[in-house]
Amino acid sequence: MSLYQRVHYFTVQTCKRVFRHPEYGIVRFDDMIANADEYGFEVVYVAGISFENLPLHYRHFFIPESMFSATGFLCDFWSRSYSNKYVKEITGKPDVLIIDRRLEVCLDAAFFDWLEREDIAYQYPAGGDKKFSSTVRHHQSYPHIFAHGEGVPELVGGVREPWPLSLERLNAQDEKRTRLSDNMSPAIREAIVRLYPTGYRPEWPLSQPIPDDFQINETCLCVASSNDVALNSAGWRPARQTAYGFEYGYAVNNIEVPDDDPVSGVWQKEILIALRCLESQFDRLARELTRQFKGNHYSVILNQIKKNKYRTLFPLSRAEQNVLFGLVGLVGLVGLVTGDPTGNIVYDLSKTGVADTVSLWEHITNGGDQYQSFEVRPKSGIDDPAYRLFAVIGHCAWYYLISHRTSRSCHALDNGRCINYEPNQSLNVRSMDYRKLLNMALKGESEKMVSILNEYLEY
């Protein structure tokens with residue numbers, strides 16, 4: 001595409017994380033589930049539109065009975081307006097609409113006639129277009145629904161979840177989270193100014209949307225992914241009222257403990273991933289465990305877990321695992337629910353693969369609900385030749401991710417695998433501060449990093 005063309009990507013997909021159940025309402029899984037229909041979960045679809053080269057994505061969830069209109073969805077998005085401190089208004093039609101190839105058999109001829117009347121050029125992505133694929137993958141991200149400051153909704157009788165999440169509520173909350181962040185790399189800022197300069201006059205559709213321009217074809221819309229997992233034993237975390245607001249219920253895959261069991265029983269895999277990233281901080285973890293349980297053998301146990309290649313938390317007891325769950329930073333997952341912030345923590349991802357990086361990211365960001373996330377880089381001079389440093393500013397905790405440049409974990413961040421992280425987003429700091437932050441991260445000194453970063457962050 002020309003550097004001066006406004007290009008949008010349009011897709012419709014079968015949801016892998018969002019389903020419908022008659023007794024639970026809208027059901028959300030952290031995993032991308034391949035066989036949900038075998039357990040009585042009904043299909044939900046997601047329509048999504050994204051900007052090429054800009055961190056702005058919009059989506060709408062719908063069910064087969066709702067008579068989805070593709071032109072109606074596009075008109076809805078193009079009528080919306082987004083802005084930040086770099087651009088006054090992003091709105092209106094694009095110059096080019098790139099349509100997901102899986103929609104070829106779903107879109108009626110009337111849809112393309114409508115595009116021609118609106119003078120919108122359209123095309124399908126080239127075969128193997130990784131940029132398109134990684135961009136539209138964003139629409140499969142986990143929809144975190146947590147109503148900050150809101151009260152308890154009305155009870156619904158006759159179902160297992162008395163406060164089921166509705167499709168309307170899901171879309172309304174997801175729309176609120178669609179925004180244009182101020183935290184942008186220089187390249188993205190330059191692109192926005194070029195595409196939407198001062199005095200830019202947007203154009204909106206003049207034709208009415210067509211109500212029946214889209215026919216669902218399940219075979220085409222459901223595309224297998226290497227991230228899909230089998231649903232083995234689903235568990236339900238019910239809706240609850242908290243000090244921060246109301247949180248809707250969600251589903252958990254591979255659960256093997258009762259719903260009232262300690263949370264560490266569900267998240268053992270995630271604890272082990274985090275523990276691998278904290279090897280250099282085993283002494284700190286051992287001291288905290290000793291302080292809680294009065295034992296002096298925790299260094300030996302942690303190294304035994306390492307020697308066993310992080311396959312199990314044995315021989316730690318369930319109570320010890322619960323404390324460890326908080327010490328390794330994963331209590332940030334429930335920090336939004338309990339209001340129990342965890343402070344700051346540094347993870348070394350150098351030995352972490354793509355899948356484990358994605359899993360850890362989804363948990364520390366609570367499904368992509370971070371306030372900010374970026375790579376820390378120097379304003380001048382060159383980047384460190386050995387390490388890269390990333391930061392996640394959450395609602396209740398701050399996380400720092402340091403990784404060797406050759407690590408597979410960097411591929412997860414650079415290739416759009418981490419939910420709501422935009423590659424090339426950076427916070428540029430003075431070279432001296434950059435070196436200090438790297439050294440602190442390598443030593444696990446997270447508390448010292450806050451004072452330096454606060455000087456550069458905008459809230």
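Counting along the sequence shown from 1, when you hit position 292 you're at 292 in the working numbering, and nothing is skipped either side.
In this text, a Cβ means the ideal position worked out from N, Cα and C, and glycines have one as well.
- A Cβ-Cβ contact shorter than 8 Å links I364 with V392.
- Of the candidates Y45, N366, D383, L316, Y45 places its Cα closest to the Cα of L103.
- Cβ atoms of V323 and K379 stay farther apart than 8 Å, at about 41 Å.
- DSSP places K436 inside the alpha helix (DSSP H), whose first and last residues are 431–443.
- With contacts defined as CB atoms closer than 8 Å, Y421 and H404 fail to qualify as a contacting pair.
- In summary, N366 is buried, with 16 or more beta-carbon neighbours lying within 10 Å of its beta-carbon over all protein chains present.
- Taking C-beta separations shorter than 6 Å and ignoring five residues to either side along the sequence, the partners of F68 in its chain run F62, F214, following chain order.
- Beta-bridge partners of W398 (DSSP): N344, I393.
- The straight-line gap separating the alpha-carbon atoms of W398 and K443 is approximately 16 Å.
- The three-state secondary structure of H411, taken from DSSP, is helix.
- Here S50 really is in contact with H57; their C-beta atoms are around 5 Å apart, less than 8 Å.
- With distances taken between CA atoms, N217 lies nearest to D108 out of E270, D108, I90.
- Separation of P197 and V87 (C-alpha to C-alpha, rounded to the nearest whole angstrom) is 8 Å.
- In this structure, T11 is the residue among C396, V450, T11 with its C-alpha nearest to the C-alpha of L221.
- Ranking C15, H411, L275, A224 by CA distance to the CA of F325 puts L275 first.
- Rounded to the nearest whole angstrom, the C-alpha separation of K306 and V354 is 20 Å.
- Boundaries of the beta strand (DSSP E) harbouring A121: 121–123, taken from the DSSP string.
- Excluding five sequence positions before and after L330, the CB atoms of its chain that fall closer than 8 Å to its own CB belong to W267, E270, I271, A274, H363, I364, given in chain order.
- Between S407 and L413, the alpha-carbon positions lie close to 11 Å from each other.
- In this structure, Y142 lies near R17, with their beta-carbon atoms less than 8 Å apart.
- Judged by DSSP in its simplified three-state form, C15 adopts strand.
- Minimum Cα-Cα distance from W236 among the listed residues G25, Y4, T14 corresponds to G25.
- Looking from the CA of E154, the closest CA among Q140, H144, R169 belongs to R169.
- Of the candidates Q370, F374, Y250, E52, Q370 places its Cα closest to the Cα of C396.
- C-alpha of R177 to C-alpha of R240: approximately 21 Å in a straight line.
- When the beta-carbon positions are compared, V346 and Y400 come within less than 8 Å of each other.
- Only residues of its own chain outside the window of five on either side were considered, and among them D348, G444 have a CB closer than 7 Å to the CB of S280, listed in chain order.
- Apart from the 5 residues on each side of it in sequence, L427 sits with its Cβ closer than 8 Å to the Cβ of N183, F374, E375, V376, R377, A391, L453, Y456, L457 in its chain, given in chain order.
- Around L54, the same chain offers I188, A191, I192 as residues with beta carbons nearer than 7 Å, after the five sequence neighbours per side are excluded.
- With respect to the 8 Å criterion, G92 and W78 are classified as neighbours on the basis of their beta carbons.
- For R240, the secondary structure class from DSSP, reduced to helix, strand or coil, is strand.
- Collapsing the DSSP output to three states places Y82 in a strand.
- Q140 is classed as buried because its beta carbon has at least 16 other beta carbons within 10 Å across all chains shown.
- Where K448 is concerned, the enclosing alpha helix (DSSP H) starts and stops at 446–454.
- Of P186, E447, D212, the smallest CA-CA separation from N344 is found for E447.
- Residue range 318–327 is occupied by the alpha helix (DSSP H) that includes A319, with no beta strand (DSSP E) assigned at that position.
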